[in-house]
Amino acid sequence: MSVGKLYPIGDEQTGIGIDYRLVGEVTTRWWGDFVSTEYRRISDKVRYIIELEDGRKGMCAIHKEVGRAATGTPTRYRYSFKGIGHLDKPKE
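Per this note's numbering, the very first residue in the sequence shown carries number 4; after that it's consecutive.
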């Protein structure tokens with residue numbers, strides 16, 4: 004798994020740490036899954052900006068994977084994410 008951040012759109016100051024796996028990436032679509040590294044409520048009714056370990060960012064929709072909770076106390080759920088468009092490279 005790789006380390007990244009998840010930001011609610013419009014609130015890029017309060018990122019949520021995530022361990023993610025980018026499963027697939029083609030020209031204008033990408034997808035994967037993640038678990039939160041912090042105990043914070045994540046709504047799957049909100050759009051997010053995901054920031055990957057290499058600094059690329061993109062808007063995505065997430066979905067809680069019911070019945071696939073990761074071990075730990077308190078329970079950490081596994082989420083899938085799907086993005087449309089390009090993953091933007093960081094500006095240098």
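Heads up, the beta-carbon is just placed ideally off N, CA and C, and yes, glycines get one too. Here the structure is a predicted model, which is why all the values come from computation and not from measurement.
Supposed contact pair residue j and residue i - C-beta distance, whole angstroms, cut 8 angstroms
| i | j | result |
| --- | --- | --- |
| Gly61 | His89 | 7 angstroms |
| Asp36 | Tyr80 | With 8 angstroms as the limit, Asp36 and Tyr80 do not qualify as a contact, their Cβ atoms being about 11 angstroms apart. |
Of the residues the options, the one placed nearest residue i, counting alpha carbons only
| i | options | result |
| --- | --- | --- |
| Arg32 | Lys92, Ser46, Ile87 | Ile87 |
| Tyr42 | Glu54, Ile53, Gly18 | Gly18 |
| Pro93 | Gly13, Glu54, Ser83 | Glu54 |
| Gln16 | Arg81, Tyr51, Tyr80 | Tyr51 |
| Ile45 | Ala64, Trp34, Glu28, Gly27 | Ala64 |
| Val6 | Asp14, Leu25, Ile12, Gly13 | Leu25 |
| Lys49 | Gly20, Asp22, Lys67 | The amino acid occupying residue 49 in the given sequence is Val; Lys does not appear at that position. With distances taken between Cα atoms, Val49 lies closest to Lys67. |
| Tyr23 | Val69, Asp91, Met4 | Met4 |
| Gly20 | Val69, Lys85, Leu9 | Leu9 |
In DSSP terms, what residue i is bridged to
| i | result |
| --- | --- |
| Asp36 | Arg24, Ser83 |
| Met62 | Ile52 |
| Val29 | Arg32 |
| Asp91 | Lys60 |
| Ile19 | Leu9 |
The beta strand (DSSP E) enclosing residue i, as first and last residue numbers
| i | result |
| --- | --- |
| Tyr10 | 5 to 11 |
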